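See structure below.
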Ligand SMILES: Cc1cc2nc3c(=O)[nH]c(=O)nc-3n(C[C@H](O)[C@H](O)[C@H](O)COP(=O)(O)O)c2cc1C
């Protein structure tokens, strides 16, 4: 696998509420070739909304980041794409357009996967964003909108014609949300139908599934979302598996608690009172360890770094 644009083989997916600076940092350190911001509202940017702009803050030393915009108005998407490019300069690896989010509050406004129901509008957005920017532009979408109605191949062709530089396909229908399995054959069908690179996404949970995704779809890169939650080691595992070399050993309890501590400290440095975001990450890191269920309840009551550190200490004395 050559990698998307010759560079990125294993990518951390955009994840609203998850792929913030701290999580991107640990994923990059553990081997992700590229990490994505959470999805960013083009409309919010156009109103100079501070909270929305904050999503584009970079970590120290974060030299490359993928940015994902969502929205459905071609002109707003284009003007904000151009603004993002100006803001981030060389740090912007490429811009992705969200055409896959199935959340009700997103699709009810015509954003995210609702664009799969209107391929002409989706294509106009891609064309306008391309026109307004000089960076590479991609679109991330699903197998289709309605359960059982696979439209991704035709959709991908339309997006390619509109000038996209690559696409990312998540092999589930929007109506499926996250239920059932991702159908990788649909990604293979998109790959055979278009000439621009294809990123495969959906249900990569370890090195073996990373390799299977590459082999079964012929994709140019893989993108990992939930498989990285509490598990940034997956990037090194996936890269080793893709290269056909031995995977690094799985993390033990000490590695897991140590990484959770580092993550919490990073989050605290950047987000301060937003440290409550660490609750879900902490639960993910320790899942399956002895004492994890008790720790989970304690994490969910933590609101400061010190409180998290106390639970990490207790867990360490319990399982190390
Ligand atoms: C908590 C969460 C937040 C997500 N946020 C986004 C998002 O902002 N933009 C996007 O395109 N997809 C988003 N997704 C979808 C993922 O990027 C990915 O397509 C999906 O989870 C399938 O990949 P996986 O099986 O590796 O999790 C999100 C998924 C999760 C679980």
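Numbering (the working numbering), first residue to last: 370 to 689.
All C-beta atoms in this analysis are idealised placements derived from N, C-alpha and C, irrespective of residue type, glycine included.
Treat the numbers as computed from the prediction; the structure is a model and nothing was measured.
Can residue i be considered in contact with ligand 1, in the sense that its beta carbon sits closer than 7 Å to one or more heavy atoms?
| i | result |
| --- | --- |
| residue 443 | no |
| residue 539 | yes |
| residue 422 | no |
| residue 418 | no |
| residue 509 | yes |
| residue 639 | no |
| residue 387 | yes |
| residue 690 | Given that the chain is displayed from residue 370 to residue 689, the structure contains no residue 690 and the question cannot be resolved. |
| residue 660 | no |
| residue 470 | yes |
| residue 467 | yes |
| residue 596 | yes |
| residue 480 | no |
| residue 601 | no |
| residue 383 | yes |
| residue 628 | no |
| residue 407 | yes |
| residue 551 | yes |
| residue 606 | no |
| residue 437 | yes |
| residue 528 | no |
| residue 494 | no |
| residue 593 | yes |
Measuring straight from C-alpha to C-alpha, what distance separates residue i and residue j?
| i | j | result |
| --- | --- | --- |
| residue 375 | residue 676 | 44 Å |
| residue 529 | residue 506 | 11 Å |
| residue 541 | residue 592 | 14 Å |
| residue 469 | residue 671 | 33 Å |
| residue 532 | residue 464 | 13 Å |
| residue 437 | residue 466 | 6 Å |
| residue 504 | residue 442 | 19 Å |
| residue 560 | residue 383 | 21 Å |
| residue 472 | residue 546 | 8 Å |
| residue 416 | residue 499 | 22 Å |
| residue 538 | residue 520 | 11 Å |
| residue 674 | residue 486 | 44 Å |
| residue 615 | residue 594 | 23 Å |
| residue 457 | residue 689 | 43 Å |
| residue 682 | residue 623 | 11 Å |
| residue 461 | residue 535 | 16 Å |
| residue 695 | residue 489 | For the chain, the structure presents residues 370 to 689; residue 695 sits outside this window and is missing. |
| residue 588 | residue 566 | 7 Å |
| residue 568 | residue 606 | 18 Å |
| residue 386 | residue 619 | 26 Å |
| residue 418 | residue 649 | 26 Å |
| residue 585 | residue 484 | 27 Å |
| residue 613 | residue 600 | 21 Å |
| residue 579 | residue 518 | 26 Å |
What does a CB cutoff of less than 8 Å around residue i pick up in its chain, not counting 5 residues either side in sequence?
| i | result |
| --- | --- |
| residue 549 | 541 |
| residue 492 | 527, 528, 530, 531 |
| residue 495 | 466, 506, 508, 528, 531, 532, 533 |
| residue 407 | 383, 384, 385, 386, 387, 388, 389, 424, 437 |
Please work out which residues of its chain come closer than 7 Å, Cβ to Cβ, to residue i, disregarding the five sequence neighbours upstream and downstream, and give them in chain order.
| i | result |
| --- | --- |
| residue 687 | 659, 660 |
| residue 522 | 558, 559, 562 |
| residue 639 | 390, 391 |
| residue 730 | Given that the chain is displayed from residue 370 to residue 689, the structure contains no residue 730 and the question cannot be resolved. |
| residue 421 | 409, 410, 413, 414 |
| residue 516 | 542, 544, 545 |
So residue i and residue j are supposed to be a Cβ contact under 8 Å. How far apart are they, rounded?
| i | j | result |
| --- | --- | --- |
| residue 512 | residue 552 | 6 Å |
| residue 501 | residue 447 | 4 Å |
| residue 611 | residue 399 | Actually they do not touch by this definition, with Cβ atoms about 15 Å apart. |
| residue 403 | residue 435 | 6 Å |
| residue 426 | residue 390 | 6 Å |
| residue 411 | residue 372 | Rounded, the Cβ-Cβ distance is 28 Å, inconsistent with contact. |
| residue 647 | residue 633 | 5 Å |
In chain order, what residues of the same chain lie with their CB nearer than 6 Å to the CB of residue i, ignoring the 5 residues before and after it?
| i | result |
| --- | --- |
| residue 637 | 644, 674 |
| residue 635 | 391, 394 |
| residue 598 | 653 |
| residue 525 | 536, 559, 563 |
| residue 596 | 573, 574, 603 |
| residue 475 | 481 |
| residue 685 | 626 |
Could you check if residue i belongs to the surroundings of ligand 2, using beta carbon to heavy atom distance under 7 Å?
| i | result |
| --- | --- |
| residue 572 | Although ligand 2 was asked about, the structure shown includes only ligand 1 as ligands. |
Q) Is the stretch 431–447 in contact with the stretch 389–403, if contact means three or more CB pairs nearer than 8 Å? A) yes
Q | Inter-stretch contact at 8 Å, needing at least 3 Cβ pairs: the stretch 619–630 / the stretch 650–662 | A | yes
Q. Counting pairs of beta carbons, one from the stretch 571–587 and one from the stretch 486–506, are three or more of them closer than 8 Å?
A. no
Q. Does the stretch 449–456 touch the stretch 470–481, meaning 3 or more C-beta pairs lie closer than 8 Å?
A. These segments do not touch.
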